[in-house]
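Inspection log for the structure reproduced underneath, given as structure tokens.
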Amino acid sequence: MTKAIIRRDFLKAAAAGTGIAAVGLPATATAIAAAAEATPFRHGVASGDPLPDAVIIWTRVTPVPEAAPGSGAGGPAEVTWQVAADPGFQQIAASGTLTTGPERDHTVKVDVRGLEAATTYHYRFLFDGVASPAGLTRTAPRPEAEVDGLRLGVVSCSNWEAGHFSAYRHLAARGDLFGVVHLGDYIYEYRRGEFAARGTVVRPHEPAHEILSLADYRTRHGQYKTDPDLQALHAACPWMIVWDDHEVANDSWSGGAENHDPATEGPWAPRLAASRQAYFEWMPVRTGPAGEIYRTLRFGTLADLTMLDLRSYRSRQTSGIEVDDPGRTMTGQAQMDWLRSVLSGGGARWRLIGNSVMISPLALGSLPAHLLGPLRRLLGVPEGGYALNSDQWDGYTAERKRLLAALPDNTVFLTGDIHTSWANEVPRTAATYPASPSLAVEFVVPSVTSDNVDDFLRAEPRTISLTAEGLVRAANRHVRGVELDSHGYGVLDVNPDRVQMDWFAISNRSRADAASSWLASFASAHGSRRLRRAYRPVPF
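Under the working numbering, the first residue of the sequence shown is numbered 4, with each subsequent residue one higher.
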């Protein structure tokens, strides 16, 4: 069988080429932004959902200056796409043309088939004699291939108004990632100033009002994709993405959302449909026959990655003893049946699950009232101070038990949503730990920019959050590590013997040149379902 390493040598093939640096990217994010403004390709390029023989590539063309995202302006535009084995695009592996227009917001999205497995490719688009920035992508290994390593960036909760996307810049600069897992809240729906950085708008949202219509969602997606650091990371490697709530509205469920008032904002269904259409237009994500985005990607015999949709089918959030109702669902029956089938079938050595909200139980009853306040806002705990966050799996306890009972060994949950960093051993319930064994491990990554505990309180960093961390650990012994203050990203490193998450913090989200520093690391040995602290990040 073919043996492959899909981390260190991913970008080696891109060491040379016009406008491409040693890691296969335009030299700087600033160069990307300048190049984009000078061409019709103002929103960069992206790729996603790599299969052994396929990958999605994406761009948007601005055929005339007035054809801004969401404007509906501009006519049809014929765009050529190319996928090549070399940075000079002399060895074309696949190519074609696609006509786009205002009906799809001038986006171009191609599921390129017939590619070689475990292969690095360069891709670009051409319109009216002008080439887009070149992107770098890679296909997955064949399912039977022996794979020695996999390294992924892991991110969540990137709020434009709360700061710059420096986390993306640092991930793009590494040069050792196979790809990026984004666990949701890629955009935020709020009106200008409603959810910023400690109440301060670092970069104002467009449009200024809360987004509701198709034009609104297209405009907001377009704004986010003008960020040079986001463009750099999209161009660096394929992304594997799932949505959470803010791609539509805060605390959404199958029939509505906390941040949607039908009396003033109209019916939920048209808003949901508008947000989904814009998302599918603007994101390099592959959908199923009915438009579903839950899916599994396989990386040889080493790991598979199952991405869950925990918003589209869930029951409405509740509180109190109602969270234990066995009729409540987080996934919907069809997705749960599919997931249990995936988990019970033959899988890779590691089973990674992209899970947008925390699955580990969280008890907050021992926290004093002045600390419960900011945590309640961050975690969605009801005003009455209940011990559960009903927006995450704690609000769907019966279905969580059904899922946990179906988990194979060596399951790793990758989680976002709560803007903070956690390393958890997943018990059946908090009350049974450590008497009952850990069933899996969970790594929760911080927000790229969105507010966390000290931000909500307008407190100095590492003041109130430091105390809260100790109290959380005391009340939740399965929480092996927690950090409630920093913004940043995670890097997941997988080899046959262990999986390790490294957390990195950015120095100042309000600065475009923010530095990055290592925060913490935890690892889990194959077969252990337990965590141990690691005292250095994996080298790159």
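Glycine residues also receive a C-beta, built at the ideal position from the N, C-alpha and C atoms.
Residue i, buried or exposed, once every other Cβ within 10 Å from all chains shown has been counted against 16
i    : result
Y538 : exposed
D307 : buried
A266 : exposed
S344 : exposed
P273 : exposed
G349 : exposed
R354 : buried
F198 : buried
E69  : exposed
E445 : buried
N-terminal and C-terminal residue of the alpha helix (DSSP H) that residue i is part of
i    : result
S347 : 336-347
T290 : Where T290 is concerned, there is no enclosing alpha helix (DSSP H), given that its DSSP letter is neither H nor E.
S169 : 169-177
G225 : 217-227
DSSP state of residue i mapped onto helix, strand, coil
i    : result
G398 : helix
A323 : Note on identity: in this sequence residue 323 is Gly, with Ala being the wrong assignment. Reduced to three states, the DSSP call for G323 is helix.
D458 : helix
E472 : helix
A408 : helix
E268 : helix
G259 : strand
R431 : coil
D232 : helix
R532 : coil
I190 : coil
H185 : strand
L365 : coil
S524 : strand
I421 : coil
F283 : helix
I95  : strand
W246 : coil
S519 : strand
Range covered by the beta strand (DSSP E) that runs through residue i
i    : result
R536 : 535-537
Q503 : 501-509
R354 : 353-358
H125 : 123-130
F446 : 443-447
R301 : 298-302
E81  : 80-87
A310 : At residue 310 the sequence reads Met, which differs from the Ala that was named. Here the beta strand (DSSP E) through M310 covers 306-310.
E486 : 482-486
T140 : 138-141
P53  : 48-54
E149 : 149-158
Y492 : 491-497
R63  : 57-63
I214 : Taken as a continuous stretch (DSSP letters only), I214 belongs to no beta strand (DSSP E), as it is neither H nor E.
Proximity winner among the options, relative to residue i (alpha-carbon distances)
i    : options                : result
N253 : T267, Y191, W271       : Y191
M310 : A218, I421, L417       : L417
V158 : H490, G132, E106, H249 : H490
R403 : W425, H208, G357, V429 : V429
D505 : S441, W521, A277, R514 : W521
G202 : H109, A165, C160       : A165
I2   : S513, W285, M243, Y282 : The chain is shown from 4 up to 543; residue 2 falls before or after that span and cannot be answered.
P231 : H185, L275, L174       : L174
E284 : W425, I324, V183, T62  : T62
I95  : P79, V82, T103, L118   : L118
R405 : P542, D496, T452, G335 : G335
Assumed close pair residue i, residue j - CB separation to whole angstroms, cut-off 8 angstroms
i    : j    : result
D488 : V456 : 7 angstroms
F92  : V111 : Going by Cβ atoms, the distance from F92 to V111 rounds to 17 angstroms, so no, they are not a contact pair.
D458 : A200 : 7 angstroms
T142 : Y126 : That belief does not hold up - the Cβ atoms of T142 and Y126 are roughly 12 angstroms apart, past 8 angstroms.
A443 : L410 : 5 angstroms
N498 : G152 : 5 angstroms
G493 : V448 : 4 angstroms
Proximity test, residue i beta-carbon vs the ligand SAM heavy atom, cut-off 7 angstroms
i    : result
P231 : The model depicted lacks the ligand SAM and carries no ligand whatsoever.
Contact with chain C by residue i, beta-carbon distance below 8 angstroms
i    : result
E486 : In the displayed structure, chain C is absent; only one protein chain is listed.
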